[in-house]
Amino acid sequence: MKIAFNEFASMQRELKAEMQEAFTRVYESSWYIDGKEKERFEKAFARYCGTDYCVGVGNGLDAIRVILQAMEIGAGDEVIVPATTFIATALAVTYVGARPVFVEADPSTYTIDVRRIEERITERTKAVIAVHLYGQACDMDAIRQIADRHGLKVIEDAAQAHGCLYKGRKAGSLGDAAAFSFYPGKNLGALGDAGAVTTSDKALADKIRCISNYGSDKKYHHIYKGTNSRLDELQAAFLSVKLPHLNQWNAWRKDAAKRYLQGIRNERIVLPKVAAYCEPVWHIFAIRCKERDSLAAWLGDAGIETNIHYPIPMHLQKAYEDLHIPGGAYPIAEMIAQEELSLPMFYGLTEEEQTYIIERINGWKL
Ligand SMILES: *Cc1c(COP(=O)(O)O)cnc(C)c1O
396 MKIAFNEFAS
406 MQRELKAEMQ
416 EAFTRVYESS
426 WYIDGKEKER
436 FEKAFARYCG
446 TDYCVGVGNG
456 LDAIRVILQA
466 MEIGAGDEVI
476 VPATTFIATA
486 LAVTYVGARP
496 VFVEADPSTY
506 TIDVRRIEER
516 ITERTKAVIA
526 VHLYGQACDM
536 DAIRQIADRH
546 GLKVIEDAAQ
556 AHGCLYKGRK
566 AGSLGDAAAF
576 SFYPGKNLGA
586 LGDAGAVTTS
596 DKALADKIRC
606 ISNYGSDKKY
616 HHIYKGTNSR
626 LDELQAAFLS
636 VKLPHLNQWN
646 AWRKDAAKRY
656 LQGIRNERIV
666 LPKVAAYCEP
676 VWHIFAIRCK
686 ERDSLAAWLG
696 DAGIETNIHY
706 PIPMHLQKAY
716 EDLHIPGGAY
726 PIAEMIAQEE
736 LSLPMFYGLT
746 EEEQTYIIER
756 INGWKL
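What follows is the structure, encoded as structure tokens:
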């Protein structure tokens, strides 16, 4: 059997006609940037997340970047970022001229360890970016309490958490503003690059909209040194087709996660744990194993594709060598990087395929 890490076949088949219709509608409208499609998707996605506003942008990295810029975070400032994340979280901070200050991951949930945030706060700290990694929410009440004590903004990186719940509330509505990516492989994905910011702060939403459109509030009037990062009409139309299916796709992932959790029995493997406050959306099903590479090869030999999220923690990336953080500085993040393995997880993964994967894992010995 051959099982891909991720595939789109089921959604492609089911949505083909609607997607073609969306394409034709935009194509024939002759209006490709900043129009009705974007407005419609923004409204629907804000409603979905439980926020008052949504601003479509070009991608997830830009979503974080324009939030930081709108909060006037820049040179001389520091922003708390988890050491275990995709590099976009840290890069957005770098792009605005601020400094990412890494905080260790929690070894059981892999999200930022809230007990270790305060020790990294200085008088320069302006914000905390809470990354809902693998589709599991950070402990947002704890983060909010710390932020309030120190006068910090709370930004969610919800790029892996479309539909994820924290104490019954949706990711994207839990901080001052949230960044989403609609990169094709995310739980809600476009057919190219796309992203969005959600917030219930009107002034912030207006400013972000302005910054993402060349800092322009009126055509050819520029009040900020903005950027060009807009959700285009075609991607917005595709996303509007897909959004109504997101809950069903997430439910599929939840069932698949349950099967992995119940079926995998191998003492060398650590299964993911879900915090009581969270209903995750399983963007990634991350197991841990000290002999990760050998397990990955064993699965690969059986036609099962896996992935690693992520092989190098932020402080050890070459791009951040200028921060001069030595190996060993973040032992949990380093352990996750060495042991994490992501199993196939997507809408359309069948029970039969999962049984095959589970049996192969349970049959693995050193
Ligand atoms: C995908 C991702 C991003 C970046 O999104 P892009 O659309 O690729 O720019 C940011 N943060 C996290 C945690 C991600 O997984």
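Number 761 marks the last residue of the sequence shown (the numbering used here); no jumps. All residues carry an ideal CB built from backbone N, CA and C; glycine is no exception. Quick caveat, the model's predicted, so the values are computed rather than measured.
Could you tell me whether any non-hydrogen atom of ligand 1 is closer than 7 Å to the CB of residue i?
i, result
"phenylalanine 481", "yes"
"alanine 591", "no"
"valine 526", "yes"
"tyrosine 578", "yes"
"asparagine 702", "no"
"aspartate 501", "no"
"glutamine 555", "yes"
"leucine 769", "Because the chain in this structure spans residues 396 to 761, residue 769 falls outside the shown range and cannot be described."
"threonine 484", "yes"
"aspartate 808", "The first residue shown for the chain is 396 and the last is 761, placing residue 808 beyond what the model contains."
"isoleucine 588", "Here residue 588 is aspartate; the residue named in the question, isoleucine, does not match the sequence. Result yes, Cβ under 7 Å from ligand 1."
In three-state DSSP terms, what is residue i?
i, result
"phenylalanine 400", "coil"
"threonine 351", "Shown here, the chain extends from 396 to 761; a query on residue 351 therefore has no answer."
"isoleucine 679", "coil"
"arginine 435", "helix"
"histidine 380", "In the structure as shown, the chain starts at 396 and stops at 761, and residue 380 therefore has no counterpart that could be examined."
"leucine 711", "helix"
"leucine 528", "helix"
"aspartate 534", "coil"
"isoleucine 475", "strand"
"glutamate 518", "coil"
"leucine 690", "helix"
"alanine 591", "strand"
"alanine 631", "helix"
"histidine 684", "Note on identity: in this sequence residue 684 is cysteine, with histidine being the wrong assignment. It is a strand residue."
"alanine 542", "helix"
"tyrosine 443", "helix"
"arginine 564", "strand"
"serine 503", "coil"
"isoleucine 482", "coil"
"isoleucine 731", "helix"
"aspartate 717", "helix"
"aspartate 571", "coil"
"aspartate 612", "strand"
Given a threshold of 16 other Cβ atoms within 10 Å of its Cβ, counted over all protein chains shown, does residue i qualify as buried or as exposed?
i, result
"isoleucine 389", "Any question about residue 389 goes unanswered here, given that the chain covers just 396 to 761."
"tyrosine 615", "exposed"
"lysine 433", "buried"
"leucine 761", "exposed"
"lysine 602", "buried"
"histidine 719", "exposed"
"arginine 519", "exposed"
"arginine 346", "Because the chain here runs from 396 to 761, residue 346 falls outside it and cannot be looked at."
Looking at the secondary structure, which residues open and close the alpha helix (DSSP H) in which residue i lies?
i, result
"glycine 658", "641 to 658"
"arginine 625", "Run containing arginine 625: none; DSSP gives neither H nor E here."
"valine 461", "455 to 465"
"threonine 750", "746 to 757"
"alanine 671", "Looking at the DSSP string, alanine 671 is not in any alpha helix (DSSP H), and its letter there is neither H nor E."
"serine 607", "597 to 607"
If I follow the unbroken beta strand (DSSP E) through residue i, where does it start and stop?
i, result
"cysteine 449", "448 to 452"
"proline 495", "494 to 498"
"histidine 548", "First, the amino acid is wrong: residue 548 is lysine here, not histidine. Where lysine 548 is concerned, the enclosing beta strand (DSSP E) stretches over 548 to 552."
"serine 425", "Neither: serine 425 is in no beta strand (DSSP E) and is coded neither H nor E."
"glutamate 735", "735 to 738"
"phenylalanine 577", "From DSSP, phenylalanine 577 is part of no beta strand (DSSP E); its letter is neither H nor E."
Tell me, please, whether the CB atom of residue i is closer than 8 Å to any CB atom in chain D?
i, result
"lysine 685", "Considering every chain present, this structure includes no chain D. It has just one protein chain."
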